[in-house]
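Protein chains in written order, with the working numbering: chain A, 1444 to 1598; chain B, 44 to 499. In this text, a Cβ means the ideal position worked out from N, Cα and C, and glycines have one as well. Values in this document were obtained by computation on a predicted structure and should not be read as measured data.
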Amino acid sequence: MEWPTTALEVLSEKPLTVKNPKTWHHTHSYGGWGKFYQGLREKKILATRCTNPECAEKRLWLPPRCECPDCWHPMEWVEAPQTGTVYTFSTVTYPGELFKLPPGTPLISLEIEGVGTKLMSWMKEGKPSFGLPVKAVFNTDNPTHTILDLAWVPA
Amino acid sequence: MIKFGPGNLRIPKFEKPVYCVAGGQTDYRKKYWEKNTSELCIEALRMAVEENDLKVDPEEFRRMVNWVVYSQFADHFGDQLLAAAKIHDYLGFDPLGNIEVKTGGATGGSSVLAAAQAVASGYANCVPVVGWERMDDVSTKVGNSYIASAACKDFESELGWMYTAYYALMAQRYQYENEVPRETLAQIACKNHEYAIYSPFSQNPGKYTIEDVLKNEMVSDPLSFLECCVMSVGAAVLILCDEETAYKLSDTPIKISAICGGSHTLRTADRRDMPILLLPNETEETYKDYKGKRRREWPGFSSFLAARMAAYLAYNMAGIKDPCEDLDLLETHDAFTISDIQTYEDIGLRPYGRGREFIESGDAYYEGRLPTNLSGGLIGTMHAVGATGIFQLVEILWQLQNKWAKFHANPEMWTRFGKKKPAEFRDLQLKNPKRGCAISHAGTGSHVTCAIFEKP
Ligand SMILES: [Zn+2]
Chain A
1444 MEWPTTALEV
1454 LSEKPLTVKN
1464 PKTWHHTHSY
1474 GGWGKFYQGL
1484 REKKILATRC
1494 TNPECAEKRL
1504 WLPPRCECPD
1514 CWHPMEWVEA
1524 PQTGTVYTFS
1534 TVTYPGELFK
1544 LPPGTPLISL
1554 EIEGVGTKLM
1564 SWMKEGKPSF
1574 GLPVKAVFNT
1584 DNPTHTILDL
1594 AWVPA
Chain B
44 MIKFGPGNLR
54 IPKFEKPVYC
64 VAGGQTDYRK
74 KYWEKNTSEL
84 CIEALRMAVE
94 ENDLKVDPEE
104 FRRMVNWVVY
114 SQFADHFGDQ
124 LLAAAKIHDY
134 LGFDPLGNIE
144 VKTGGATGGS
154 SVLAAAQAVA
164 SGYANCVPVV
174 GWERMDDVST
184 KVGNSYIASA
194 ACKDFESELG
204 WMYTAYYALM
214 AQRYQYENEV
224 PRETLAQIAC
234 KNHEYAIYSP
244 FSQNPGKYTI
254 EDVLKNEMVS
264 DPLSFLECCV
274 MSVGAAVLIL
284 CDEETAYKLS
294 DTPIKISAIC
304 GGSHTLRTAD
314 RRDMPILLLP
324 NETEETYKDY
334 KGKRRREWPG
344 FSSFLAARMA
354 AYLAYNMAGI
364 KDPCEDLDLL
374 ETHDAFTISD
384 IQTYEDIGLR
394 PYGRGREFIE
404 SGDAYYEGRL
414 PTNLSGGLIG
424 TMHAVGATGI
434 FQLVEILWQL
444 QNKWAKFHAN
454 PEMWTRFGKK
464 KPAEFRDLQL
474 KNPKRGCAIS
484 HAGTGSHVTC
494 AIFEKP
């Protein structure tokens, strides 16, 4: 048998410190939530609503859920409005590794009529402010198949 | 869960009293290539067993241990799954049973909770809790990405891969609803960086002015670098016992009168409006004017339901009526300046909307009514995540045992970590403190524990 031909790069001798390379990918199934991302390709914001008539929560869930956390009943898919208002915002100057957008991207949380949650998203144009009316835009040409395929611009 | 049923708010109780007898820790560094993780853990354990005036020798102590709890936040960082098994072996505790606990940033607090449950139930009577984090394997940028994988990877992480940004969204909303001046936030950063000057364990000490903080560069507005916690490597240990074992080991055991946990949705987005859960020092009257044009809901983005739940259970379990009156010191999870103010309200130091008064009044300082983060906290001293909740309680334990100076003022402790005791050193031992509280906190408030330590 031969010795291995690939070696770890030594970063320091004292103490001995080496570099462990990692280059593989993770497979990730969105499962029942996949419909949401597929909806974005058709310029639709798909949310879910509890099908249990006895359930007190009548509002839409966005991010969607497949089961209602309040009563464990299945949800149905419903198209959410494509306008909302900015609930809060921040400009991220130092994002972490893997961020697909440049530093300085404004992140927002949204209030949307009839939706019980406050979706986190980003603004593609304009400057966010509290209560600013915004409308949805969709990345349909080269979708990333992530939440980044939905963004907002001033309405 | 928005509506509580009668079982949901049951106040926890221990079948047997639980004590803490000893604590130990390493110093904390951004990069700690000098020692591997096992070496760090054994160093913290040896400090706990050998330097806390225990009445038995280390060999006898080892023969008393019957369960061990391990505390590490992220397998990503250490790049070693089942790290606890390896640490357990290197600490010489084979073949005793052990368990590793994981609840994000609150892992340390949850681990102490798990150890306390083991002792309280009679399952074990001598339990070391060992926590660590090794965050120097990767760059800061990759480290932030790893931490952001503790946000929802389907609907949040891609938006910045940066936890500071998720806190910044809450911070902006809190500012909008409550109008806290930047100067007040800067005060928290200055205080905790300064107290870190007096700790040989600290990673990020410094004397800063309000102006320095205001001029500091933003990570994600409104949070600047000086207002954010550090990323650390280090380890911390606590020893928990039942009453008989505690007095066999120590003349100054400290009682754990409560340690309780709460939770809330991982995504801030999913937090729905609900009635405020009232603490013993609040009534409906306290909040009759709370809601208005800007403050339309609770907990919204301004408050942490998990922290409120944990405090509600712990205060009722320990008989705390008014935290500012009944507690003598506090360690909060000051990951960010604004989240610290939010926490002041969640744990009832001031009513919701008035958290700023806790720092502005001077209450939070060494000289004040409820000295907070004399350890230097996460902003000044450390956030080696799995060790953090344990570190907070080690510092509280030493204060309650009047041993703060032994571990901070001794010049040998400084040279041990390659440092020199500063000329401007201040003794931060409180005068005979009786009861201390620590808040351990994960996510944007996904898990929070509240621990109350007191002199028996
Ligand atoms: Zn339902």
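| Asked | Found |
| --- | --- |
| Q442(B) and L473(B) - do their beta-carbons sit closer together than 9 Å? | yes |
| Look at the Cβ atom of H376(B), then the Cβ atom of A149(B), and state whether they are nearer than 9 Å. | yes |
| Quick check on M178(B): buried or exposed, where buried means 16 or more other Cβ atoms within 10 Å of its Cβ? | buried |
| At what residues does the beta strand (DSSP E) containing V1596(A) begin and finish? | 1593-1597 |
| Got a sec, what are the start and stop residues for the beta strand (DSSP E) P138(B) sits in? | Per DSSP, P138(B) belongs to no beta strand (DSSP E) and is neither H nor E. |
| What separation, rounded to the nearest whole angstrom, lies between the Cα atoms of K22(B) and T1494(A)? | The question about residue 22(B) has no answer, for chain B in this structure spans 44 to 499. |
| Along chain A, in chain order, which residues have C-beta atoms closer than 8 Å to that of V185(B)? | G1539, E1540 |
| Give the secondary structure of G152(B) by DSSP, where H, G and I count as helix, E and B as strand, and everything else as coil. | helix |
| Starting from W76(B) and walking both ways along the alpha helix (DSSP H), at which residues does that stretch end? | Careful: W76(B) lies outside any alpha helix (DSSP H) and carries neither H nor E. |
| Just to confirm, is the Cβ distance from S1552(A) to A1594(A) under 9 Å? | no |
| What separation, rounded to the nearest whole angstrom, lies between the Cα atoms of F460(B) and Y1537(A)? | 31 Å |
| Give every residue of the same chain whose Cβ lies closer than 8 Å to the Cβ of F344(B), excluding the five residues on either side of it in the sequence, and list them in chain order. | L212, M213, R216, Y217, T311, R314 |
| Between A167(B) and V112(B), what straight-line distance do the alpha-carbon atoms span, to the nearest angstrom? | 11 Å |
| Compute the minimum distance between the beta carbon of D1513(A) and the heavy atoms of ligand 1, and state whether it is under 8 Å. | yes |
| Can E1500(A) be considered in contact with ligand 1, in the sense that its beta carbon sits closer than 8 Å to one or more heavy atoms? | yes |
| Under 9 Å, do S114(B) and V144(B) count as touching if we go by C-beta distance? | yes |
| Expressed to the nearest angstrom, what Euclidean distance is found between the alpha-carbon atoms of E1452(A) and N79(B)? | 18 Å |
| Is there a Cβ of chain B sitting closer than 9 Å to that of P1458(A), yes or no? | yes |
| Nearest CA to the CA of R412(B): which residue from Q435(B), L370(B), E176(B), H451(B)? | L370(B) |
| Is it buried or exposed, R337(B), if we count other Cβ atoms within 10 angstroms and call 16 or more buried? | exposed |
| Could you compute how far the alpha carbon of S192(B) sits from the alpha carbon of H1588(A)? | 17 Å |
| Is the Cβ of T1617(A) closer than 9 Å to any Cβ of chain B? | Residue 1617(A) cannot be examined here, being either before or after the span of chain A that is shown, 1444 to 1598. |
| Using a Cβ-Cβ cut-off of 6 Å (strictly less than) and excluding sequence neighbours within five positions of T1531(A), which residues of its own chain qualify? | S1552 |
| Just to confirm the assignment, what range does the beta strand (DSSP E) spanning F268(B) have? | First-last for F268(B): undefined, no H or E at that position. |
| Scan the stretch 182-266 of chain B and note each continuous beta strand (DSSP E) run of 3 residues or more that stays entirely inside, going in chain order. | 261-263 |
| Helix, strand or coil for G1502(A), going by three-state DSSP, please let me know. | Per the sequence presented here, residue 1502(A) reads as Arg, with Gly not at that position. DSSP places R1502(A) in coil when its eight states are reduced to three. |
| What residues of chain B sit near P1506(A), judged by a beta carbon separation below 9 Å? | C195, D197, F198, E199, R310, A312, D313 |
| Below 8 Å, can you find three or more Cβ-Cβ pairs linking the stretch 249-257 of chain B to the stretch 200-212 of chain B? | no |
| When we look at the beta-carbon of V490(B) and count the other beta-carbons within 10 Å, is it buried (16 or more) or exposed? | It is His, not Val, that sits at residue 490(B) in the sequence shown. Label assigned to H490(B): buried. |
| Quick one: list the residues of chain D neighbouring M1518(A), beta-carbon separation under 8 Å, in chain order. | In the displayed structure, chain D is absent; the protein chains listed are A and B. |
| Rounded to whole angstroms, how far is the Cβ of N259(B) from the Cβ of G1539(A), which I believe are closer than 8 Å? | So it is not a contact: roughly 20 Å between Cβ atoms. |
| Quick check on DSSP: helix, strand or coil for D1513(A)? | coil |
| Suppose contacts are defined by Cβ-Cβ distances below 9 Å. Is A501(B) in contact with I422(B) by that definition? | Lying before the first or after the last residue shown, residue 501(B) is absent from chain B, which here runs from 44 to 499. |
| So for S382(B), helix, strand or coil by DSSP? | helix |
| Cα-Cα, which of V262(B), A279(B), E340(B) is closest to P1546(A)? | V262(B) |
| For Y1441(A), collect the residues of the same chain with a Cβ closer than 7 Å to its Cβ; drop the 5 residues on either side in sequence, then sort them by chain order. | The structure shown does not extend to residue 1441(A), since chain A is modelled only from 1444 to 1598, so the question has no answer here. |
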